[in-house]
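J.:
There are 2 protein chains.
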Amino acid sequence: MAGRPTLEQVAERAGVSRATVSRVVNGSPTVAPTIKEAVERAIAELGYVPNQAARSLVTQRTDSIALVLSESATRVFSDEAVLPGIVRGVSQELDAADKQLVLMLAGSMASHDRIERYAMSRHVDGVIIASMHGADPLPNSLHRMGIPVLCGGRPLGRSPVPYVEVDNVGGARLAVRHLVQSGRSRIATIGGPQDMVAGIDRLNGYREELRGSSLRSIVAIGDFTRESGAAAMRQLLEDDPQLDAVFVASDLMALGALNALQAAGRRVPDDVALVGFDDIEAARYADPALTTIRQPIVGQGRELARQLLRLAGGEEIAHSVVLPTELVTRASA
Amino acid sequence: MAGRPTLEQVAERAGVSRATVSRVVNGSPTVAPTIKEAVERAIAELGYVPNQAARSLVTQRTDSIALVLSESATRVFSDEAVLPGIVRGVSQELDAADKQLVLMLAGSMASHDRIERYAMSRHVDGVIIASMHGADPLPNSLHRMGIPVLCGGRPLGRSPVPYVEVDNVGGARLAVRHLVQSGRSRIATIGGPQDMVAGIDRLNGYREELRGSSLRSIVAIGDFTRESGAAAMRQLLEDDPQLDAVFVASDLMALGALNALQAAGRRVPDDVALVGFDDIEAARYADPALTTIRQPIVGQGRELARQLLRLAGGEEIAHSVVLPTELVTRASA
DNA sequence: CTGAAAGCGCTTACAG
DNA sequence: CTGAAAGCGCTTACAG
Numbered sequence: 001m002a003g004r005p006t007l008e009q010v011a012e013r014a015g016v017s018r019a020t021v022s023r024v025v026n027g028s029p030t031v032a033p034t035i036k037e038a039v040e041r042a043i044a045e046l047g048y049v050p051n052q053a054a055r056s057l058v059t060q061r062t063d064s065i066a067l068v069l070s071e072s073a074t075r076v077f078s079d080e081a082v083l084p085g086i087v088r089g090v091s092q093e094l095d096a097a098d099k100q101l102v103l104m105l106a107g108s109m110a111s112h113d114r115i116e117r118y119a120m121s122r123h124v125d126g127v128i129i130a131s132m133h134g135a136d137p138l139p140n141s142l143h144r145m146g147i148p149v150l151c152g153g154r155p156l157g158r159s160p161v162p163y164v165e166v167d168n169v170g171g172a173r174l175a176v177r178h179l180v181q182s183g184r185s186r187i188a189t190i191g192g193p194q195d196m197v198a199g200i201d202r203l204n205g206y207r208e209e210l211r212g213s214s215l216r217s218i219v220a221i222g223d224f225t226r227e228s229g230a231a232a233m234r235q236l237l238e239d240d241p242q243l244d245a246v247f248v249a250s251d252l253m254a255l256g257a258l259n260a261l262q263a264a265g266r267r268v269p270d271d272v273a274l275v276g277f278d279d280i281e282a283a284r285y286a287d288p289a290l291t292t293i294r295q296p297i298v299g300q301g302r303e304l305a306r307q308l309l310r311l312a313g314g315e316e317i318a319h320s321v322v323l324p325t326e327l328v329t330r331a332s333a
Numbered sequence: 001m002a003g004r005p006t007l008e009q010v011a012e013r014a015g016v017s018r019a020t021v022s023r024v025v026n027g028s029p030t031v032a033p034t035i036k037e038a039v040e041r042a043i044a045e046l047g048y049v050p051n052q053a054a055r056s057l058v059t060q061r062t063d064s065i066a067l068v069l070s071e072s073a074t075r076v077f078s079d080e081a082v083l084p085g086i087v088r089g090v091s092q093e094l095d096a097a098d099k100q101l102v103l104m105l106a107g108s109m110a111s112h113d114r115i116e117r118y119a120m121s122r123h124v125d126g127v128i129i130a131s132m133h134g135a136d137p138l139p140n141s142l143h144r145m146g147i148p149v150l151c152g153g154r155p156l157g158r159s160p161v162p163y164v165e166v167d168n169v170g171g172a173r174l175a176v177r178h179l180v181q182s183g184r185s186r187i188a189t190i191g192g193p194q195d196m197v198a199g200i201d202r203l204n205g206y207r208e209e210l211r212g213s214s215l216r217s218i219v220a221i222g223d224f225t226r227e228s229g230a231a232a233m234r235q236l237l238e239d240d241p242q243l244d245a246v247f248v249a250s251d252l253m254a255l256g257a258l259n260a261l262q263a264a265g266r267r268v269p270d271d272v273a274l275v276g277f278d279d280i281e282a283a284r285y286a287d288p289a290l291t292t293i294r295q296p297i298v299g300q301g302r303e304l305a306r307q308l309l310r311l312a313g314g315e316e317i318a319h320s321v322v323l324p325t326e327l328v329t330r331a332s333a
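Chains A and B are the protein sequences, given in the same order.
Under the UniProt record's numbering, think of the first position of the first sequence as 1, with each following residue one higher.
Under the UniProt record's numbering, think of the first position of the second sequence as 1, with each following residue one higher.
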């Protein structure tokens, strides 16, 4: 088959110059209809598809963007329920814009280097970094190199890098307010890891909302896994056997907490009301079904893609976009 | 900053030709140590990173491969538990080989076109297609175009495209054998969708194993979702109220079936033994914990990547690789 | 509206 | 061991 056809061959077949073929391919309006037709026929007959590398070399664009997920994050099962949704949202929006999605799982510091080199090699027009632990230096260093970069979730520490996040603080406040309003008076919380912004903010929301009431805070910390939720719940029961409600910073931890409560002979919601966060599928199937805070997961992915595309296109974008969360009332509270 | 530095600038700074810089960058052994050092210094000082597009244009390689997931598949929650594992496995192996992963969610037939064009534009060195429904024409058409392509899961219908799959038939037989050996005599099954190879093969395995015994088959079909598992279970109880065991073709459907059984007042495993397939996280936390067939998910991803890399490198590879499954015995059977 | 020509940033025979 | 030169397949001012 002598390799795949080139512009040159299409031009020859259509009896025009390469420039003209290029114009047709790129939809330039200044091509005579008859010529356009001839070129299109030649393209179809030859099955011509433009070589992206050649195009990128001259346009300096690749029409693809990288989505970086931290590998350690994908280990947390809670994230496993969230990250696929983000990937799907990003993918949908990118498809619509005819851009490609390059997925990079950042395992270690070593892979940070790989990612930097990759972005620097101009293989992508921009980078979305989702799901960070701690104060990851990657967003800032990419930003410093002049690469369009956007974070999913507010970066810890001061950072000039724009981000899209869900309203963790507001969601937590919603949950606690619901518990207060339903007459609970000893409201504990199981917080997430304090090196992740979702963990930090949901705990802050809890504290902020309690501050408005006369209730005192009762806190245990987990790591977003089911087991850690169960362990934290046992701890809380020891710390305050009289507690009558718990706001748990993730549904998965809430499911663990639910098991621990039932094992301790507490009825949910009669003795202890329980509110989770995330609204994962399993929340609906828990017994009792879990009241929780829903966050727009696919929506966050879409918004990330839209913002990055604008940024890569040279537009000014808001430094932060915060997506609303909502209370989903079920049986557990 | 006048754009990012080029080979040319490195050459000038190091006082050598572009050819020499290129040799150093690509690790050619025929460069004098002193020169090599000078070049490396210049590279470091300038922060030079090769432009991939330029490189690809001449080498005809991109060092990246595409992973295609069907979007409809990601809608099935059962797959949500499986696909991230495959992505992770592929990513691990590709990272080790310093290749990039381009993720494409194939939503519709329209996106099939996009994927073909993308592969044809030589933006990737090969394509892995995971998770197909029906007899998807994509693998064959890519193959016909001369693009290295590999399927996760055996393609339906005759196809020259090589594949990597888990032993669905063998796993199902293992499950049924376990039920037979534990003395069950009315063993039903809930099959998966019959347009997916996992659905078809697991049902075949059930039938094959029963054929060896004197037991008759009792069959209902679901679509791999939890709800469909519950519905199918209700159907089975109606069809044969005396059944004492069920092999369910996915854990998620098995969880639905478990609910339905308990709602119908049957004790598991006392009245009815239950075996699932997949070994997803939730199987371990069911009550009773679910006996199931474990498949190597990340392992399948890794094997896919390894095989595709070989294929793209021009090696001959086996037309099929079948990875073993195993029985994980817990409380439900 | 169309074409000739330069150039994007690399790699790789080919000489020397 | 090193360099000059050709060429990978496109796009885009610049003329006409």
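Backbone N, C-alpha and C fix where the C-beta goes; we use that ideal spot for every residue, glycine too.
Run through the DSSP bridge pairs and tell me what A:G191 is partnered with.
T.: Along the first sequence, read from residue 1 onward, the residue named residue 191 of chain A stands at position 191. Beta bridge pairing from DSSP links A:G191 with A:I221.
J.: For a contact defined as C-beta to C-beta under 7 Å, what are the partners of B:H122 on chain A?
T.: By one-based count along the second sequence, residue 122 of chain B stands at place 122. According to the sequence shown, residue 122 of chain B is Arg rather than His. In chain order: N51, Q52 and A53.
J.: Taking 9 Å as the threshold (beta carbon to beta carbon), is A:P148 in contact with chain B?
T.: The sequence position of residue 148 of chain A within the first sequence is 148, counting from 1. It does not: the Cβ of A:P148 has no partner Cβ on chain B nearer than 9 Å.
J.: Figure out for me which residue from B:M233, B:D279 and B:A263 has the closest Cα to the Cα of B:D251.
T.: Position 251 of the second sequence holds residue 251 of chain B. The shortest C-alpha separation from B:D251 is found at B:D279.
J.: Do the segment 220-238 of chain A and the segment 246-261 of chain A touch if we need at least three Cβ pairs shorter than 8 Å?
T.: The segment 220-238 of chain A is in contact with the segment 246-261 of chain A.
J.: Locate the alpha helix (DSSP H) running through A:G301, then write down its first and last residues.
T.: Here the question's residue 301 of chain A lines up with position 301 in the first sequence. From DSSP, the alpha helix (DSSP H) with A:G301 extends over I297 to A312.
J.: Assuming B:I65 contacts B:L101 under a Cβ cut-off of 8 Å, what Cβ separation, rounded to an integer in Å, is found between them?
T.: Counted from its first residue, the second sequence places residue 65 of chain B at position 65. Counted from its first residue, the second sequence places residue 101 of chain B at position 101. So it is a contact: roughly 7 Å between Cβ atoms.
J.: Flag A:D271 as yes if its beta-carbon sits less than 9 Å from any beta-carbon of chain B, otherwise no.
T.: In the first sequence, residue 271 of chain A corresponds to position 271, counting from 1. Taking Cβ atoms only, chain B never reaches closer than 9 Å to A:D271, which makes this a no.
J.: Whose Cβ in chain B lies nearer than 9 Å to the Cβ of A:V24?
T.: Locating residue 24 of chain A in the first sequence gives position 24, where the first residue counts as 1. The contacting residues do not exist; A:V24 stays about 16 Å from chain B at best.
J.: When the Cα atoms are used, what is the spatial distance from A:Q194 to A:P50?
T.: Your numbering for residue 194 of chain A matches position 194 in the first sequence. Your numbering for residue 50 of chain A matches position 50 in the first sequence. Cα to Cα, A:Q194 sits roughly 49 Å from A:P50.
J.: Buried or exposed, going by whether 16 or more other CB atoms sit within 10 Å of the CB of A:N26?
T.: As a first step, residue 26 of chain A must be located in the first sequence, where it is residue number 26. Flag for A:N26 reads exposed.
J.: Out of curiosity, what's the CA-to-CA distance linking B:F77 and B:L308?
T.: On the second sequence, residue 77 of chain B is found 77 positions in, with the first residue counted as 1. On the second sequence, residue 308 of chain B is found 308 positions in, with the first residue counted as 1. In this prediction, B:F77 scores a pLDDT of 47, lower than 50, which makes its location untrustworthy; no coordinate-derived value is stated.
J.: Have a look at the DSSP bridge pairing and note the partners of B:V102.
T.: To locate residue 102 of chain B, count along the second sequence from 1; it is residue 102. DSSP output for B:V102 lists A:V102 and B:A66 as bridge partner(s).
J.: So, is A:D136 buried or exposed, given that buried needs 16 or more other C-beta atoms within 10 angstroms?
T.: As a first step, residue 136 of chain A is located in the first sequence; it is residue number 136 there, counting from the start. Buried, because 16 or more other Cβ atoms sit within 10 Å of the Cβ of A:D136.
J.: Give a yes or no on whether the minimum CB-CB distance between B:V76 and chain A is below 9 Å.
T.: Numbered from 1 along the second sequence, position 76 holds the residue referred to as residue 76 of chain B. Below a pLDDT of 50, predicted positions are generally treated as unreliable, and B:V76, at 49, falls in that range; the measurement from the model is reported next regardless. Not an interface residue.
J.: Roughly how many whole angstroms lie between the Cα atoms of B:A73 and A:G47?
T.: Walking along the second sequence from the start, residue 73 of chain B turns up at place 73. Walking along the first sequence from the start, residue 47 of chain A turns up at place 47. Reliability fails at B:A73, whose pLDDT of 49 lies under 50, so the model's placement of it is uncertain and the value that follows must be treated cautiously. When the Cα atoms are used, B:A73 and A:G47 turn out to be separated by approximately 30 Å.
J.: What span of residues does the alpha helix (DSSP H) with A:A19 cover, start to end?
T.: For the purposes of this step, residue 19 of chain A is taken as the residue at position 19 of the first sequence. First-last of the alpha helix (DSSP H) with A:A19: R18 to V25.
J.: Quick one: Cα of B:L57 to Cα of A:A106, how far?
T.: Here residue 57 of chain B refers to the residue found at position 57 of the second sequence. Here residue 106 of chain A refers to the residue found at position 106 of the first sequence. Going by the C-alpha atoms only, they are around 28 Å apart.
J.: For B:T59, verify whether its CB is less than 8 Å away from any heavy atom of the ligand ADP.
T.: What this structure holds is no ligand at all, so the ligand ADP is not there to describe.
J.: Please report whether the beta-carbon of B:V87 lies at a distance below 9 Å from any beta-carbon of chain A.
T.: Along the second sequence, read from residue 1 onward, the residue named residue 87 of chain B stands at position 87. For B:V87, the answer is yes, since a Cβ of chain A falls inside 9 Å of its Cβ.
J.: In whole angstroms, give me the CA-to-CA distance for B:S185 and B:D244.
T.: As a first step, residue 185 of chain B must be located in the second sequence, where it is residue number 185. As a first step, residue 244 of chain B must be located in the second sequence, where it is residue number 244. Near 7 Å, if we compare the C-alpha coordinates of B:D244 and B:S185.
J.: For A:G152, which of A:R4, A:G299 and A:S111 has the nearest alpha-carbon?
T.: Here residue 152 of chain A refers to the residue found at position 152 when the first sequence is read from its first residue. For A:G152, the nearest C-alpha among the options comes from A:G299.
J.: Three Cβ pairs or more, each shorter than 8 Å: is that satisfied between the segment 129-145 of chain A and the segment 141-155 of chain B?
T.: no
J.: To the nearest angstrom, how far is the alpha carbon of B:V127 from that of B:A119?
T.: On the second sequence, residue 127 of chain B is found 127 positions in, with the first residue counted as 1. On the second sequence, residue 119 of chain B is found 119 positions in, with the first residue counted as 1. Going from the Cα of B:V127 to the Cα of B:A119 covers about 8 Å.
J.: Could you tell me the alpha carbon to alpha carbon distance between A:V174 and A:G276, rounded to whole angstroms?
T.: In the first sequence, the residue the question calls residue 174 of chain A occupies position 174. In the first sequence, the residue the question calls residue 276 of chain A occupies position 276. The question names Val, yet the displayed sequence has Leu at residue 174 of chain A. Going from the Cα of A:L174 to the Cα of A:G276 covers about 11 Å.
J.: Using a Cβ cut-off of 8 Å, pull out every chain B residue sitting near A:S320, in sequence order please.
T.: The residue given as residue 320 of chain A occupies position 320 in the first sequence. Against chain B, a Cβ distance below 8 Å from A:S320 picks out nothing, because the smallest value is about 26 Å.
J.: Relative to the alpha-carbon of A:Q181, which residue among A:L210, A:E165, A:P29 and A:Q295 has its alpha-carbon at the smallest distance?
T.: Locating residue 181 of chain A in the first sequence gives position 181, where the first residue counts as 1. Among A:L210, A:E165, A:P29 and A:Q295, the Cα nearest to that of A:Q181 is on A:L210.
J.: Distance cutoff 9 Å, beta carbons only. Does B:Q92 sit that close to anything in chain A?
T.: Indexing the second sequence from 1 puts residue 92 of chain B at position 92. B:Q92 counts as touching chain A.
J.: For B:G222, is the classification buried or exposed, using 16 other Cβ atoms within 10 angstroms of its Cβ as the cut-off for buried?
T.: As a first step, residue 222 of chain B must be located in the second sequence, where it is residue number 222. The residue is buried, with at least 16 neighbouring Cβ atoms inside 10 Å.
J.: By Cβ distance, which residues of its chain are closer than 6 Å to B:V169, with the 5 residues on each side in sequence left out?
T.: As a position in the second sequence, residue 169 of chain B is number 169, starting the count at 1. Within the same chain, B:V169 has close Cβ partners D201, N204 and G205.
J.: Taking only three categories from DSSP, how would you classify B:R13?
T.: In the second sequence, counting from the first residue as 1, residue 13 of chain B sits at position 13. Helix at B:R13.
J.: In whole angstroms, give me the CA-to-CA distance for B:F224 and A:A331.
T.: Locating residue 224 of chain B in the second sequence gives position 224, where the first residue counts as 1. Locating residue 331 of chain A in the first sequence gives position 331, where the first residue counts as 1. When rounded, the distance between both Cα atoms is 26 Å.
J.: According to the neighbour-count rule (16 or more other Cβ atoms, all chains shown, within 10 Å of its Cβ), is A:Q295 buried or exposed?
T.: In the first sequence, the residue the question calls residue 295 of chain A occupies position 295. Its Cβ being crowded by 16 or more others within 10 Å, A:Q295 is buried.
J.: Over the uninterrupted beta strand (DSSP E) stretch that includes A:E208, give me the two end residues.
T.: Along the first sequence, one-based indexing puts residue 208 of chain A at 208. A:E208 -> not in any beta strand (DSSP E); alpha helix (DSSP H) instead, spanning V197 to G212.
J.: Give the DSSP-derived three-state secondary structure of B:D244 in the structure shown.
T.: As a first step, residue 244 of chain B must be located in the second sequence, where it is residue number 244. If DSSP states are grouped into helix, strand and coil, B:D244 belongs with coil.
J.: For B:V272 and B:P288, which I take to be in contact (beta-carbon distance under 8 Å), what is that distance rounded to the nearest angstrom?
T.: Reading the second sequence from its first residue, position 272 is the one you call residue 272 of chain B. Reading the second sequence from its first residue, position 288 is the one you call residue 288 of chain B. Not confirmed; about 11 Å, so no contact.
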